[in-house]
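S.K.:
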Amino acid sequence: CPPRTLSVEEGAPFGIECDSPDGWPNPSVYWMLQGQNWLKTINSSRLTVDPEGKLWFSNVTRKDSSEDFLYACSAASYFRNEYKLGNRVHLQVIQSGSSSGLQNKHEPVEQYVTRRNEVAFRGKEKKLWCIFGGTPLPEIRWRKKGGALPFARTTYDNYGKTLIIKHVDFEDEGAYTCEASNGVGLAKSYSIDLKVQAKPRFIIEPEIQVAAEGEEVSFECKADGVPAPEIKWIHNGRNIDEAPENPNRIITPEKITIKNLR
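Numbered continuously in our numbering, the sequence shown closes out at residue 268.
(1) Is it a yes or a no for the segment 17 to 33 touching the segment 52 to 70, going by three-plus beta-carbon pairs under 8 Å?
(2) Does E226 come out as helix, strand or coil in the three-state DSSP assignment?
(3) State the beta-bridge partners of A249 as determined by DSSP.
(4) Spatial neighbours of S71 within its chain, please: CB distance less than 8 Å, with the 5 preceding and 5 following residues excluded, ordered by chain position.
(5) Hey, could you find the ends of the beta strand (DSSP E) S34 is sitting in?
(6) What's the C-alpha gap between L108 and L91?
(7) Over the uninterrupted beta strand (DSSP E) stretch that includes K205, give me the two end residues.
(8) When the Cα of A218 is compared with those of L267, N110, E236 and L12, which residue comes out closest?
(9) What number of angstroms, rounded off, separates the C-alpha of P212 from the C-alpha of K261?
(10) Is the beta carbon of T168 sitting closer than 9 Å to the one on L134?
(11) Please list, in chain order, all residues of the same chain as K265 whose beta carbon is under 7 Å from its beta carbon, the five residues on each side excluded.
(12) Report buried or exposed for V35, applying the criterion of at least 16 other Cβ atoms within 10 angstroms of its Cβ.
(13) With Y182 and W148 assumed to form a contact (beta carbons below 8 Å), what rounded beta-carbon distance in angstroms separates them?
(14) Which runs of the beta strand (DSSP E), 3 residues or longer, sit entirely within the segment 119 to 169?
(15) Taking the alpha-carbon of D56 as reference, which of R10, D163, L45 and S102 has the nearest alpha-carbon?
(16) Tell me, which residues are paired with A181 by DSSP?
(17) What is the C-beta distance between I137 and V119, in whole angstroms, given that I count them as a contact (C-beta under 8 Å)?
(18) In three-state terms, what does DSSP make of K69?
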């Protein structure tokens with residue numbers, strides 16, 4: 007489809023939707039600058055692409071006007087090692103009406119944030135997003151209620167707008183707050199309640215056993231996880247409840263004991 011033309015006032019926060027191509031697994035979405043015979047990636051503290059592919063301008067300047075280039079949404083598939091362009095946009099920046107020639111000032115305004123109730127998984131990486139616009143460019147500060155951020159496992163991306171927690175553990179559960187301030191109006195804050203879940207993990211696994219007839223053996227199986235996992239015993243491919251009755255077999259959720267082996 008042909009490029010669209012969008013107009014925005016200088017100094018204002020702004021966002022451009024991405025009509026990205028579909029794919030499975032979901033492709034990575036990013037934005038590029040497209041000229042007559044060139045493509046460039048975007049690298050600016052004022053421009054951020056959220057996880058859904060929307061391009062956010064914390065504030066628009068005259069340099070963002072794209073008379074001789076386009077803002078192009080792109081989708082990349084690492085499995086197929088290819089990318090495709092989506093929608094393209096010409097951006098017209100309207101000069102501020104300020105008689106002093108200075109840009110208007112805008113207090114921080116929320117553009118994209120992680121939902122308030124979020125789930126992370128033990129051992130995985132978790133990203134929390136806090137994109138705010140405004141003029142001057144808002145500064146983002148992160149804190150955790152009732153404790154410090156996990157310093158050794160915490161990094162930041164997108165000039166502080168994205169908090170990254172590596173190798174999530176249960177101690178990372180809690181309320182995270184980002185605060186955006188730029189000296190105009192009151193600072194804005196947003197809180198995210200992070201819960202940590204964990205897939206089932208064996209603590210004790212059943213072991214192969216060799217015993218003589220008439221002796222006794224036990225098989226133990228313990229696992230943890232959040233939510234707590236349910237343990238099921240399988241006998242010759244079928245649920246243990248469907249196995250032939252054996253009066254010498256004692257079954258509990260975490261242990262099977264067989265007496266007087268035959």
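Idealized CB from N, CA, C, for every residue including glycine.
M.R.: Let me lay it out:
(1) yes
(2) Stepping through the sequence shown from its first residue, residue 226 is reached at position 220. Three-state result, E226: strand.
(3) Within the sequence shown, the letter at position 243 stands for residue 249. DSSP lists no partner for A249.
(4) Counting from one through the sequence shown, the residue named residue 71 turns up at place 65. Cβ neighbours of S71 beyond the five flanking positions: L97, Q98 and V99.
(5) As a working note, residue 34 is residue 28 in the sequence shown. Start and end: S34 to Q40.
(6) Here residue 108 is taken as the residue at index 102 of the sequence shown, counted from 1. Here residue 91 is taken as the residue at index 85 of the sequence shown, counted from 1. Confidence is the limiting factor: at L108 the pLDDT is only 48, short of 50, which leaves the residue's position unreliable, though a coordinate-based value still follows. Rounded to the nearest angstrom, the two C-alpha atoms are 36 Å apart.
(7) Position 199 of the sequence shown, counting from 1, holds the residue named residue 205. Element bounds for K205: K194 to I210.
(8) To locate residue 218, count along the sequence shown from 1; it is residue 212. Nearest option by C-alpha distance: L267.
(9) In the sequence shown, the residue the question calls residue 212 occupies position 206. In the sequence shown, the residue the question calls residue 261 occupies position 255. P212 and K261: Cα-Cα distance of roughly 9 Å.
(10) Reading the sequence shown from its first residue, position 162 is the one you call residue 168. Reading the sequence shown from its first residue, position 128 is the one you call residue 134. Going by C-beta atoms, T168 is nearer than 9 Å to L134.
(11) Within the sequence shown, the letter at position 259 stands for residue 265. These residues qualify, in order along the chain: E222 and N254.
(12) In the sequence shown, the residue the question calls residue 35 occupies position 29. By the 10 Å Cβ count, V35 comes out buried.
(13) Working through the sequence shown from its first residue, we reach residue 182 at position 176. Working through the sequence shown from its first residue, we reach residue 148 at position 142. At roughly 7 Å, the Cβ-Cβ gap stays under 8 Å, so Y182 and W148 are in contact.
(14) 123 to 127, 132 to 141, 145 to 150 and 160 to 163
(15) Taking the sequence shown and counting its residues from 1, the one referred to as residue 56 is at position 50. Measuring from the Cα of D56, the nearest candidate turns out to be D163.
(16) Looking up residue 181 in the sequence shown gives position 175. Paired residues: D199.
(17) Here residue 137 refers to the residue found at position 131 of the sequence shown. Here residue 119 refers to the residue found at position 113 of the sequence shown. 7 Å between Cβ atoms; contact.
(18) Start at 1 with the first residue of the sequence shown, and residue 69 comes out as number 63. Looking at K69 - three-state DSSP - the assignment turns out to be helix.
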